[in-house]
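So the sequence shown is numbered by our numbering: it starts at 16 and just counts up by one. Glycine included, each C-beta is placed from N, C-alpha and C at the ideal position.
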Amino acid sequence: MAHLTQVELINWIALYTATGLCCAIAMVLSVSVAGIRLYRERSWEEMRSVRGAVLFLPKTWWRWQKLYLLSTPVTLGIVVSFGMSLSWN
């Protein structure tokens, strides 16, 4: 098994850090947008019935999940372009 050189190790750490940072930004944005939409639509009013109360959490989770997954192409584009800008020699 080949060992990584110091430059390669530093580059991989930088890539993982960039990915984590992009995912954290996407998480904050998706949670805030989902919260704002829930507030504007007054989604909690649907919880008056048993069915509405049971479905509130899955609907909210799915709403957030769609927003978060929309950030995947942007995150991949940023990280790939950052990785290509690094010197791997």
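- prompt: Do residue 33 and residue 97 come within 7 Å of each other at the CB atom, strictly closer than that value?
  reply: For the purposes of this step, residue 97 is taken as the residue at position 82 of the sequence shown. For the purposes of this step, residue 33 is taken as the residue at position 18 of the sequence shown. For the pair residue 97 and residue 33, the CB atoms are nearer than the 7 Å cut-off.
task: State the Cα-Cα distance for the pair residue 103 and residue 23, rounded to the nearest angstrom.
output: Along the sequence shown, one-based indexing puts residue 103 at 88. Along the sequence shown, one-based indexing puts residue 23 at 8. Distance from the CA atom of residue 103 to the CA atom of residue 23, rounded to whole angstroms, is 6 Å.
message: Can you look up residue 57 in the DSSP assignment and give me helix, strand or coil?
response: Against the sequence shown, residue 57 aligns to sequence position 42. In the structure shown, residue 57 sits in coil (DSSP, three-state: anything other than H, G, I, E or B).
query: Where does residue 17 land, buried or exposed, given buried means 16+ other C-beta within 10 angstroms?
result: As a working mapping, residue 17 is identified with position 2 in the sequence shown. Of the residues assessed, residue 17 falls on the exposed side of the cut-off, its CB having fewer than 16 other CB atoms within 10 angstroms.
field: Backbone CA spacing between residue 36 and residue 87 [nearest angstrom]
entry: As a working note, residue 36 is residue 21 in the sequence shown. As a working note, residue 87 is residue 72 in the sequence shown. If you take the alpha carbons of residue 36 and residue 87, they lie about 13 Å apart.
- request: If I'm right that residue 53 touches residue 94 with Cβ under 8 Å, what's the distance once you round it to whole angstroms?
  value: Residue numbering aside, residue 53 sits at position 38 when the sequence shown is read from its first letter. Residue numbering aside, residue 94 sits at position 79 when the sequence shown is read from its first letter. The Cβ separation is near 30 Å, so there is no contact.
Sequence-distant residues of its chain with Cβ nearer than 7 Å to residue 62 (five each side left out): The sequence position of residue 62 within the sequence shown is 47, counting from 1. Once the five neighbours on either side are set aside, the close Cβ partners of residue 62 are 68, 71.
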